[in-house]
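To keep things clear, I will list the structure first and then write my remarks on it.
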Amino acid sequence: MSGIARRLYRGEVNVDFVGRKKLWYSLSAVLLVISIAGLVFNGLNLGVEFKGGSVFSFKAPSASIEDVRGTFLDADAHQVIVQTTQNGWRVTTESLPPDTVTAVQKTVAQTYGLPQDQVNLQVIGGSWGGQVANQAIIGLIVFMLAIILYLTLAFEWKMALAAVVALLHDLVITAGVYAWSGFEVTPATLLGFLTILGYSLYDAVVVFDMIKEVTAKLGTTSKMTYTEAANNALNHTLIRSLNTTLVAILPVAAILFIGTTLFGAGTLKDLSLALFVGMIVGTYSSLCVATPLLVTLKEREPRYQRIAHRLAATGGGTASAGKKAVRQPVAAGASNGTANSNGAAGAVPRGEKPKKK
Amino acid sequence: MLLVLLAIILAMGGVMLLNKAYAPQYGLDLAGGTTVTLQPITPNGSAPTEESLDLAVNIIRDRVNGSGISDAEVAKSGDNIVISVPGVGQEEVVKLVGTTAELRFRQVMAIAPGSPQPPGELPTQAPTSAPSPSGTGQKSSQAPKPTGSAAPDSAATAEPGPSGSPAGRALSSALTNPSPGATPAGNNGNAGNNGNADNKPAGNADNKPAGNTADNQPAKAADPSAQPGGSTAPTANPSGGADPSAPPAAPEDPMANVDTTGIDPAVLKQFEALDCSKNKGEGAQDAPEKQYVACSDDGSAKYVLDKAAVTGSAIDTATAGVDQSTGEWLVQLSFKGQGPQQWSTVTTTAFNSQPPRNQVAMVLDGVVISAPTIQEPITGGRAQISGSFTDATANELANQLKFGALPLKFEIGSNEEVSSTLGADQLRGGLIAGAIGLFLVLIYSMLYYRGLGIVSVLSLVVATILTYQTVVLLGAFAGFRLSLPHIIGLIVSIGITADSFIVYFERIRDEMKEGRRSLRTAVEVAWTRARRTILIADAVMFIAAVVLFFLAVGGVAGFAFAMGLTTLIDLVVVFMFTKPFVALLAKRKFFAKGHKLSGLDSERMSESVVNPKTVPQEA
Numbered sequence: 001m002s003g004i005a006r007r008l009y010r011g012e013v014n015v016d017f018v019g020r021k022k023l024w025y026s027l028s029a030v031l032l033v034i035s036i037a038g039l040v041f042n043g044l045n046l047g048v049e050f051k052g053g054s055v056f057s058f059k060a061p062s063a064s065i066e067d068v069r070g071t072f073l074d075a076d077a078h079q080v081i082v083q084t085t086q087n088g089w090r091v092t093t094e095s096l097p098p099d100t101v102t103a104v105q106k107t108v109a110q111t112y113g114l115p116q117d118q119v120n121l122q123v124i125g126g127s128w129g130g131q132v133a134n135q136a137i138i139g140l141i142v143f144m145l146a147i148i149l150y151l152t153l154a155f156e157w158k159m160a161l162a163a164v165v166a167l168l169h170d171l172v173i174t175a176g177v178y179a180w181s182g183f184e185v186t187p188a189t190l191l192g193f194l195t196i197l198g199y200s201l202y203d204a205v206v207v208f209d210m211i212k213e214v215t216a217k218l219g220t221t222s223k224m225t226y227t228e229a230a231n232n233a234l235n236h237t238l239i240r241s242l243n244t245t246l247v248a249i250l251p252v253a254a255i256l257f258i259g260t261t262l263f264g265a266g267t268l269k270d271l272s273l274a275l276f277v278g279m280i281v282g283t284y285s286s287l288c289v290a291t292p293l294l295v296t297l298k299e300r301e302p303r304y305q306r307i308a309h310r311l312a313a314t315g316g317g318t319a320s321a322g323k324k325a326v327r328q329p330v331a332a333g334a335s336n337g338t339a340n341s342n343g344a345a346g347a348v349p350r351g352e353k354p355k356k357k
Numbered sequence: 001m002l003l004v005l006l007a008i009i010l011a012m013g014g015v016m017l018l019n020k021a022y023a024p025q026y027g028l029d030l031a032g033g034t035t036v037t038l039q040p041i042t043p044n045g046s047a048p049t050e051e052s053l054d055l056a057v058n059i060i061r062d063r064v065n066g067s068g069i070s071d072a073e074v075a076k077s078g079d080n081i082v083i084s085v086p087g088v089g090q091e092e093v094v095k096l097v098g099t100t101a102e103l104r105f106r107q108v109m110a111i112a113p114g115s116p117q118p119p120g121e122l123p124t125q126a127p128t129s130a131p132s133p134s135g136t137g138q139k140s141s142q143a144p145k146p147t148g149s150a151a152p153d154s155a156a157t158a159e160p161g162p163s164g165s166p167a168g169r170a171l172s173s174a175l176t177n178p179s180p181g182a183t184p185a186g187n188n189g190n191a192g193n194n195g196n197a198d199n200k201p202a203g204n205a206d207n208k209p210a211g212n213t214a215d216n217q218p219a220k221a222a223d224p225s226a227q228p229g230g231s232t233a234p235t236a237n238p239s240g241g242a243d244p245s246a247p248p249a250a251p252e253d254p255m256a257n258v259d260t261t262g263i264d265p266a267v268l269k270q271f272e273a274l275d276c277s278k279n280k281g282e283g284a285q286d287a288p289e290k291q292y293v294a295c296s297d298d299g300s301a302k303y304v305l306d307k308a309a310v311t312g313s314a315i316d317t318a319t320a321g322v323d324q325s326t327g328e329w330l331v332q333l334s335f336k337g338q339g340p341q342q343w344s345t346v347t348t349t350a351f352n353s354q355p356p357r358n359q360v361a362m363v364l365d366g367v368v369i370s371a372p373t374i375q376e377p378i379t380g381g382r383a384q385i386s387g388s389f390t391d392a393t394a395n396e397l398a399n400q401l402k403f404g405a406l407p408l409k410f411e412i413g414s415n416e417e418v419s420s421t422l423g424a425d426q427l428r429g430g431l432i433a434g435a436i437g438l439f440l441v442l443i444y445s446m447l448y449y450r451g452l453g454i455v456s457v458l459s460l461v462v463a464t465i466l467t468y469q470t471v472v473l474l475g476a477f478a479g480f481r482l483s484l485p486h487i488i489g490l491i492v493s494i495g496i497t498a499d500s501f502i503v504y505f506e507r508i509r510d511e512m513k514e515g516r517r518s519l520r521t522a523v524e525v526a527w528t529r530a531r532r533t534i535l536i537a538d539a540v541m542f543i544a545a546v547v548l549f550f551l552a553v554g555g556v557a558g559f560a561f562a563m564g565l566t567t568l569i570d571l572v573v574v575f576m577f578t579k580p581f582v583a584l585l586a587k588r589k590f591f592a593k594g595h596k597l598s599g600l601d602s603e604r605m606s607e608s609v610v611n612p613k614t615v616p617q618e619a
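Line by line, the protein sequences give chains A and B.
Each residue of the first sequence is one higher than the one before, starting from 1 at the first, in UniProt numbering.
Each residue of the second sequence is one higher than the one before, starting from 1 at the first, in UniProt numbering.
Put into structure tokens, the structure is as follows:
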């Protein structure tokens, strides 16, 4: 164990997240543009639950689910859901144009030795049509407002704003992945989105809680700017963020992997992809979008501006700031996190050593 | 704490044992269900409008997902509506949700027996096309000849009442303000017509011996429902079931005793022609702005009803409950929008009217489901209906009122049991994948947290047990049905649960890195800090769950429910298991001394002691 792995293991990390906000912002901007372009040009591949579809029913006692699914896929039908009924099969596909319907009926009839007119067709509308989707959107909006209110009370409005912006960022990018990949959007996918929503906020809240704790100590005489303090806090929770994400993502990755490789298409894959992408983006955004955004907002406050000016004037202030900060219990783990002075940062922990034990 | 938790787990396990509920209920995608096609019936056989179909779909969806935690699918299919309900043998559910139509409240203008009686012929049983509400009255016994005895008795009927008869409930009910004290007649009134009798003794008094037409009117007024049974009297009548006290069912023209003032002649004609024994007019679309003729739902009486005073859409909610003082089932309802005002107007008018116009009928599906007497003007937008309800009939009426109004009438076309939409292969794959994922998590936390990994593993195990138990119990008692999205949600919640103790562990390590604290104090200090973070973060999840649960419908609500549940379980586990368990471990030498494998060894706790070169340089 050495290098990065070792440092991660011991919780010694120092990444200047906040200082590189331009990099993150442009990365996010590019991702957002790509995602929105995907949504606009490609659109989402909505499943039968939204758009409605064609339902075929027929009898084929000897067939297995896999056989039937295979037959329909061969006949060029997509989004195939196979169900057995008391007396045969019920297969739901996406809305098919008339000639494909005929082709499917023909193929099925041939495969299972039925007269073609015994492959019945029924066209159904979306079970997740207007009202359900609308309700979900209303729910989402109310939820956002509730969260803004809650975070404003628990923290402050700037944190609430940053968290919600990061949340929207996550949702758009995840949706973009769906648009470009052409993965089917089913109710399960939507629920996946909702999970991300909670997850992304959860992550941001944990990070903000630490930032709040660290920056609360900043006074007029402090030796750290808000930026530096926030960055400290970020690094401080970095291990937690990474560990949490990893722990949450392992099962999802397993489901995604198995869903994709073994079953080709299906609910499993649709849902787990949303979660997989959403979790990664969610962790990224709480570190690289929410926090820098918050810092940008906070640095405009006069009291933090004053600190920044004063420290800028004293030049090497940051290095000594690191030393001071080290004595503060919370900042300890992130003592290396002073923003832009590498050499100095390296020296800091060693300075601290004698105090231990 | 640990013991309390153990007690909780055992208690839940005990409940599971007692109820023989060991496995969760599965949703449509996992267990399959019943798929039913409903075909709309329009009065003239034409195709229903898209609009009314959409509306019907929404109402049906609300009904089947009434509890909010199951997820039925409702879709249009051409002009039909296809409903898929999880679980086999659910035809009843589908039938229930598909068979009611628009609800309207109309003041009663006139009442007559449900079937016409040829003049002169003794209506041995003509009027009673439906079961008599009276327990005692045998049809044959209800001779048309009134006797003197009938009159006094009918006044006394209050106690015995026809309450035993479910058929009676729709008709024999009283409407009052919900406040318990405000219902003088309410208590007896529940016994339907009798309540009426109480209230309007005068009217009843008219019930007198007179078998003759003129007097019939008030008698009828006393209670339409009584009609079939030859009216109230026989029920209580000690003078014997044979008592021919059924004066209302007069042999003469039923119209003769009807006060026709204010009734549209055309409507009156319809009224005369209506024979409820042949056609109760179910599924008819009544125009709200017109007077309307309808049968009671058992066909025993027919009504002329005034213009709709309040429509179902003005009902805010309706619930069935038990009257605290009498133990009677009753239905309470409240109005919204224009409802309270309209309701107040109609009840005031009715209250000040002569019987039978002191009744307000609820018309559903073209049929009068209940026509309670107004006991007092009801202002304030709340009302309660008492009558001889059973818990089933009260709930049924409450549901009919609450979900009101299907714009169309349906009949069940096809009805099939279907397998899961998912396929057993997918489910198996999902579970295997979940298990593999969990295993990876366990390995990772053992590697990263070493000794503390035991805590995380056990915490996850405890969380899993609690979740499983809760899901099973909710399935057994609240109809919660687990579907694939729930399962995935639960798997994802591993992350949330894990996060709680990761936050905690990291805090402990922070404290230890300070180097100023012993492990035992570090565990405590870290906890107070971690606790705040965990609470705030979990609150976010919980807000999300609550908002989505109340605002979203169907599957989303069910999902939100699962999400809120796991958040709560997470809190329980962290507070009652992880923290106390860590505190317990901290007392052990293995951890307190910072053994290499404890996850709290000195190498990790102090910074850079061993290898200064690893001091981060990468900023």
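For every residue, glycine included, the Cβ atom is placed at its ideal position computed from N, Cα and C.
On a CA-only basis, which of Met224/A, Gly282/A and Asn231/A is nearest isoleucine 249/A? Give me that one, please.
Gly282/A
Residues, ordered as in the chain, of the segment 106 to 119 of chain A that lie near chain B by beta-carbon distance below 9 Å:
none
With a CB to CB cut of under 6 Å and the five nearest residues on each side skipped, what residues in its chain are close to leucine 191/A?
none
So what does DSSP say about glycine 88/A, is it helix, strand or coil?
strand
Run the CB neighbour count on asparagine 87/A, radius 10 Å, all protein chains shown included, and call it buried at 16 or more, exposed below.
exposed
Give the straight-line distance between the Cα atoms of aspartate 203/A and alanine 313/A, rounded to the nearest whole angstrom.
36 Å
Which two residues bound the contiguous alpha helix (DSSP H) that contains glycine 14/B?
2 to 18
Simplified DSSP assignment, three categories, for phenylalanine 276/A:
helix
Interface partners of lysine 76/B on chain A, CB under 9 Å:
Gly52, Ile124, Gly125, Gly126, Ser127 and Gly129
Quick check on proline 218/B: buried or exposed, where buried means 16 or more other Cβ atoms within 10 Å of its Cβ?
Here the model assigns proline 218/B a pLDDT of 36, short of 50, so the residue's position is not dependable, and the following value carries that caveat. Answer is buried; the Cβ neighbour count reaches 16.
Classify glycine 475/B as buried or exposed, calling it buried when 16 or more other Cβ atoms lie within 10 Å of its own Cβ.
buried
Using DSSP with H/G/I as helix, E/B as strand and the rest coil, what is threonine 195/A?
helix
Kindly examine the ligand ZN and report whether one of its heavy atoms sits closer than 6 Å to the Cβ of tyrosine 26/B.
The ligand ZN is absent from the structure shown, which contains no ligands of any kind.
Assign methionine 1/B to one of two classes, buried (16 or more other C-beta atoms within 10 Å of its C-beta) or exposed (fewer than that).
exposed
For proline 40/B, count the other beta carbons within 10 Å of its own beta carbon; 16 or more makes it buried, fewer makes it exposed. Which is it?
buried
Where does alanine 11/B land, buried or exposed, given buried means 16+ other C-beta within 10 angstroms?
exposed
Over what stretch of residues does the alpha helix (DSSP H) that includes proline 61/A continue unbroken?
That residue, proline 61/A, is in no alpha helix (DSSP H); it is neither H nor E in DSSP.
Return helix, strand or coil for glycine 229/B, following the three-state DSSP convention.
In this prediction, glycine 229/B scores a pLDDT of 37, lower than 50, which makes its location untrustworthy; the coordinate-derived value is nonetheless stated afterwards. Coil.
The alpha helix (DSSP H) that contains glutamine 110/A, what's its start and end?
98 to 112
Out of Leu121/A, His169/A, Ala229/A and Thr100/A, which has the shortest C-alpha to C-alpha gap to alanine 308/A?
Ala229/A
Which chain A residues are close to alanine 539/B, counting only those with a beta carbon under 9 Å from its beta carbon?
Tyr150, Ala154 and Val205
Would valine 523/B be called buried (16 or more neighbouring beta carbons within 10 Å of its own) or exposed?
buried
For a cutoff of 7 Å on Cβ pairs, would you count threonine 261/A as touching chain B?
no
I'd like to know if phenylalanine 389/B contacts chain A, where contact means its C-beta is closer than 7 Å to some C-beta of that chain.
no
Mind pulling the chain B residues with CB within less than 7 Å of proline 251/A?
Gly434, Gly437, Leu438, Val441, Ile491 and Ile494
Does leucine 271/A come within less than 7 Å of chain B when only Cβ atoms are used?
yes
At a Cβ threshold of 7 Å, is isoleucine 141/A touching chain B?
no
Entirely enclosed alpha helix (DSSP H) segments - the segment 412 to 485 of chain B, minimum 4 residues:
424 to 449 and 451 to 478
Does the segment 451 to 462 of chain B come close enough to the segment 475 to 487 of chain B that 3 or more CB-CB pairs lie under 8 Å?
no
Under the three-state DSSP convention, the category isoleucine 494/B falls into:
helix
Determine the chain A residues that contact valine 82/B at a beta-carbon separation under 7 Å, and present them in chain order.
Ile124
Beta carbon of isoleucine 491/B nearer than 7 Å to that of proline 187/A:
no
Nearest chain A C-beta to proline 254/B closer than 7 Å, yes or no?
Annotation note: pLDDT 49 at proline 254/B (below 50); position unreliable, no value reported.
Please state if the CB of valine 82/B and the CB of threonine 37/B are separated by a distance shorter than 7 Å.
yes
Between which two residues does the alpha helix (DSSP H) containing proline 265/B stretch?
265 to 273
Please classify aspartate 270/A: does DSSP put it in a helix, a strand, or coil?
helix
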